[in-house]
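These notes concern the structure reproduced below.
Number of protein chains: 2
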Amino acid sequence: MTQKIDFLSKNQQIVLEIIEKAKEPLKAYSILFSVQKKGIKAPPQVYRALDRLIKLGKIHKIESKNAFVACKNDSCTISNATAFSICDSCEMVTEISNPKLSKYLANFQDETGMRYNKYNLEFFGLCKKCKK
Amino acid sequence: MTQKIDFLSKNQQIVLEIIEKAKEPLKAYSILFSVQKKGIKAPPQVYRALDRLIKLGKIHKIESKNAFVACKNDSCTISNATAFSICDSCEMVTEISNPKLSKYLANFQDETGMRYNKYNLEFFGLCKKCKK
DNA sequence: TTTAAATATGTTATATTATAACAAAGCGTA
DNA sequence: TACGCTTTGTTATAATATAACATATTTAAA
Numbered sequence: 029m030t031q032k033i034d035f036l037s038k039n040q041q042i043v044l045e046i047i048e049k050a051k052e053p054l055k056a057y058s059i060l061f062s063v064q065k066k067g068i069k070a071p072p073q074v075y076r077a078l079d080r081l082i083k084l085g086k087i088h089k090i091e092s093k094n095a096f097v098a099c100k101n102d103s104c105t106i107s108n109a110t111a112f113s114i115c116d117s118c119e120m121v122t123e124i125s126n127p128k129l130s131k132y133l134a135n136f137q138d139e140t141g142m143r144y145n146k147y148n149l150e151f152f153g154l155c156k157k158c159k160k
Numbered sequence: 029m030t031q032k033i034d035f036l037s038k039n040q041q042i043v044l045e046i047i048e049k050a051k052e053p054l055k056a057y058s059i060l061f062s063v064q065k066k067g068i069k070a071p072p073q074v075y076r077a078l079d080r081l082i083k084l085g086k087i088h089k090i091e092s093k094n095a096f097v098a099c100k101n102d103s104c105t106i107s108n109a110t111a112f113s114i115c116d117s118c119e120m121v122t123e124i125s126n127p128k129l130s131k132y133l134a135n136f137q138d139e140t141g142m143r144y145n146k147y148n149l150e151f152f153g154l155c156k157k158c159k160k
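For the record, the sequence lines run as chains A and B. All you need for this note's numbering is the position in the first sequence, starting with 1, plus 28. All you need for this note's numbering is the position in the second sequence, starting with 1, plus 28.
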């Protein structure tokens, strides 16, 4: 039997909690450092939890930064469509939740006829604050 | 004065050539291994060349794989808009060149009013071959 | 043409990110 | 209970990337 979709193990809860509390994407080793007081001592423990949380759609990985953020979209249980905006200056990362965009990308089909079941989109620019 | 846009230094040429010849995205250390006979001996030499080639739009980085591919689009001198399709099974990576898509994304604007000057999109799925 | 600035290169060391491999504990259930 | 499965703990190491500094080369101004 596979793990129930909304059950999180102890380590998974600990890791999720710290990512949810953070204002910015967290790196794996900064997570590791933060949770050492809670008994998580080694990288594999963190990476296992991260992998699981990603599969459950609870968090996303910002590929261009090797960092992890909590999913803001409550209904997101499987993480197959992600879009982020990233400020090149302050590094702020925001998850884009735009039905039109996701519909457009979900239906996108290229000339090869390949059909996609997942995408990740990262936009870069200057956020409002940094643009001034 | 900045380097002329179509001039490549020796190391940059060596690295570009090997990426262009490859059928798949290459990892930095596999590039390093391949070019050691040509006198490039250490990681920083490879990473410098890669950085430069990316800035010039000659190659792109596949962020989800930490691998590098040559840009197929001849007119691409600045790499600010990239889209790839990636087969989860055979790992084949293809650069998507679709004017409608790039136009759509270039003009995309989210609710925060942030304006983007760059994006990277990675689609995942099964290619035609692997779908069978 | 000398000189200064910028660019490119070479080199060593190390930082950062991620996984392999194996042992042991905990849990559900036949 | 005893078996299978998942999670956890642990050590070691692989893979990716950059810091820091020395040297050489090119460029372009004085």
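All C-beta atoms in this analysis are idealised placements derived from N, C-alpha and C, irrespective of residue type, glycine included.
1. Leaving out the 5 sequence neighbours to the left and right, which residues in its chain are closer than 6 Å to N101/A when beta-carbon positions are compared?
2. Going residue by residue through the region 72–142 of chain B, where are the continuous alpha helix (DSSP H) segments of at least 4 residues, counting only ones entirely within it?
3. Quick check on this structure: which residue in I82/B, Q137/B and K51/B has the alpha carbon closest to the alpha carbon of V121/B?
4. If contact means a Cβ-Cβ distance below 8 Å, which residues of the region 137–159 of chain A contact chain B?
5. Along chain A, in chain order, which residues have C-beta atoms closer than 7 Å to that of L130/B?
6. Of the choices L60/B, L44/B, F152/B and F61/B, whose alpha-carbon is the least far from that of A111/B?
7. Under 8 Å, Cβ to Cβ, is there at least one residue of chain A near N101/B?
8. Do the CB positions of I46/A and V63/A come within less than 8 Å of each other?
9. Counting pairs of Cβ atoms below 8 Å between the region 127–140 of chain A and the region 85–98 of chain A, do you hit three or more?
10. Please list, in chain order, all residues of the same chain as C155/A whose beta carbon is under 7 Å from its beta carbon, the five residues on each side excluded.
11. Nearest by alpha-carbon distance to V43/B: which of V74/B, F35/B, G67/B and N135/B is it?
12. Taking any Cβ of chain B, which residues in the region 85–98 of chain A have a Cβ under 7 Å from it, in chain order?
13. Using the Cβ count rule (16 or more neighbours within 10 Å means buried), how would you classify Y57/B?
14. Taking its Cβ as the centre, do 16 or more other Cβ atoms sit within 10 Å of S7/B, making it buried, or is it exposed?
15. Helix or strand or just coil, what does DSSP make of E150/B?
16. Just confirm the distance between the C-beta atoms of A109/A and L133/A, as a whole number of angstroms; I'd bet it's less than 8 Å.
17. Using the Cα positions of F61/B and L36/B, report the straight-line distance between them to the nearest angstrom.
18. Would you identify the three-state DSSP class for K160/B, choosing helix, strand or coil?
19. What is the rounded straight-line gap between the Cα of L54/B and the Cα of I87/B?
20. Identify which residue in D138/B, T140/B and E123/B has its Cα closest to the Cα of N148/B.
21. When you compare each of L84/A, D138/A, E150/A and E139/A to F136/B by their alpha carbons, which one comes out closest?
22. Given a threshold of 16 other Cβ atoms within 10 Å of its Cβ, counted over all protein chains shown, does A98/B qualify as buried or as exposed?
23. Can you pull the DSSP bridge partners for L54/A?
On the basis of the supplied data:
1. S125
2. Those alpha helix (DSSP H) runs which fall completely within the region 72–142 of chain B and span 4+ residues are 127–134.
3. K51/B
4. D138, E139, T140, G141, M142, R143, Y144, N145, K146, Y147, N148, L149, E150, F151, F152, G153, L154, C155, K156 and K159
5. The residue you asked about is not Leu; residue 130/B is Ser in the sequence shown. Under the 7 Å cutoff, chain A gives no residues; its nearest Cβ is about 12 Å from S130/B.
6. F152/B
7. no
8. yes
9. Put simply, the region 127–140 of chain A does not touch the region 85–98 of chain A. Fewer than three CB pairs are less than 8 Å apart.
10. C115, C118 and M120
11. V74/B
12. E91 and S92
13. Counting other Cβ atoms within 10 Å of its Cβ, Y57/B stays below 16 and is therefore classed as exposed.
14. Nothing can be reported for residue 7/B, as the shown portion of chain B is limited to 29 through 160.
15. strand
16. 7 Å
17. 21 Å
18. Coil at K160/B, not helix or strand.
19. 11 Å
20. E123/B
21. E150/A
22. buried
23. The partner list for L54/A (beta bridge, DSSP) reads F96/A.
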